[in-house]
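> Mind looking over this structure? Questions follow.
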Amino acid sequence: MKRIIAAFFLLLVIGLPVSAHSSTGPMEAIQGPLDEVINILKDPQYQAPEQKEVQREKIWNIIREIFDFNKIAHLALAKYRKKFDEKQLKEFTDLFAKLLEDTYLNKIQAEYKNEKINYLSQKIGAKSKSNMALVKTKVTRENVEIPVDYRMWLNKGVWRVYDIKVEGVSLVKNYRNQFQNILLNKSPDHLIEQVRTKVEKQKKEKIDN
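Residues -22 to -1, 1 to 187 in mature numbering (1 follows the signal peptide of the UniProt record, and there is no 0) are what the sequence shown lists, from first letter to last.
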């Protein structure tokens, strides 16, 4: 869980779509907006409990432009995606995005520790894979160095993140394993309802807190 939280934190600090345009490389697309998002996390006006929702909304509005939930959902479902019709797939994708938002944003807001990010390298695929890229970084958090790799693709002129690996652990693969264990014997509607239940539970916990 700590790896996934760290991974999602990195997604939060890479987000403005204007910086992700194809006129820049994938590394520039994730590096440029860093200061602005970190400033939101550090801004004193958002530290009061009653301002956390405003802070979260500002951060989420940034990252959802570069975080490709459609592709992530498709990759997480893998071969079982064929079992979903168009309506089910859209419903699942929307709920999955909400699950990610609710699961991690509160944790990230509470656990931000002035992380430092070193950008190590970028590799863009050759020829038919020139729309795919891998950006390697290293995050220093409380004197601990954590390798974080971003997998990105160029979609409609914009570099978007579709997976991240933290210490070799893939965010997409983590969810794929969970979903496939369910879909092996259950229907798409069953998975959708499970995700919906988690979202509603988190919403209730948030209200209670």
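Note that beta-carbon positions come from the ideal geometry of N, C-alpha and C, so glycine has one too.
Which partner residues does D141 have in the DSSP bridge list?
DSSP output for D141 lists R129 as bridge partner(s).
> Name the two residues that bound the continuous beta strand (DSSP E) containing Y97.
Segment 94 to 102, the beta strand (DSSP E) holding Y97.
> Where does L149 sit, in a helix, a strand or coil, going by DSSP?
It is helical.
> Mind checking whether I50 and F74 have CB atoms under 9 Å apart?
Yes, Cβ-Cβ distance for I50 and F74 is below 9 Å.
> DSSP state of R119, grouped into three classes?
Strand, per DSSP.
> Shortest alpha-carbon distance to V126 belongs to which of L132, V113, R138, N152?
The residue with the shortest Cα to Cα distance from V126 is V113.
> Assess contact between the stretch 63 to 83 and the stretch 95 to 113, defined as three or more Cβ pairs (one per stretch) separated by less than 8 Å. Is contact present?
These segments do not touch.
> What is the rounded straight-line gap between the Cα of Y90 and the Cα of I18?
Cα to Cα, the separation comes out at about 11 Å.
> Which residue or residues does DSSP assign as beta-bridge partners of F45?
F45 pairs with V139.
> Leaving out the 5 sequence neighbours to the left and right, which residues in its chain are closer than 6 Å to Q25 when beta-carbon positions are compared?
Once the five neighbours on either side are set aside, Q25 has no close Cβ partner at all.
> If you reduce the DSSP assignment to three classes, tell me which class residue 208 lands in.
Given that the chain is displayed from residue -22 to residue 187, the structure contains no residue 208 and the question cannot be resolved.
> If you draw a straight line from the alpha carbon of H52 to that of K179, how long is it in whole angstroms?
Distance between the alpha carbons of H52 and K179 is about 24 Å.
> Can you confirm whether the stretch 102 to 111 touches the stretch 119 to 138 when touching is taken to mean that 3 or more C-beta pairs between the two stretches lie within less than 8 Å?
Yes, since at least three Cβ pairs between the stretch 119 to 138 and the stretch 102 to 111 fall closer than 8 Å, the two stretches touch.
> Going by DSSP, what residue range makes up the alpha helix (DSSP H) through A7?
A7 -> alpha helix (DSSP H) spans 4 to 9.
> For K114, list the residues DSSP reports as bridge partners.
For K114, which the question treats as bridged, DSSP gives the partners S99, D127.
> Counting only the same chain and skipping the five closest in sequence on each side, list residues whose C-beta sits under 7 Å from that of K176.
The residues are L77.
> To the nearest angstrom, report how far apart A54 and E93 are at their CA atoms.
Using only the alpha carbons, I get a separation of about 28 Å.
> Can you list, in chain order, the residues of its chain whose CB lies under 7 Å from that of R34, leaving out five sequence neighbours each side?
Excluding positions up to five away in sequence, the list reads L83, Q87.
> Just tell me which of A104, K85, D46 has its CA closest to the CA of K134.
Nearest C-alpha to K134: D46.
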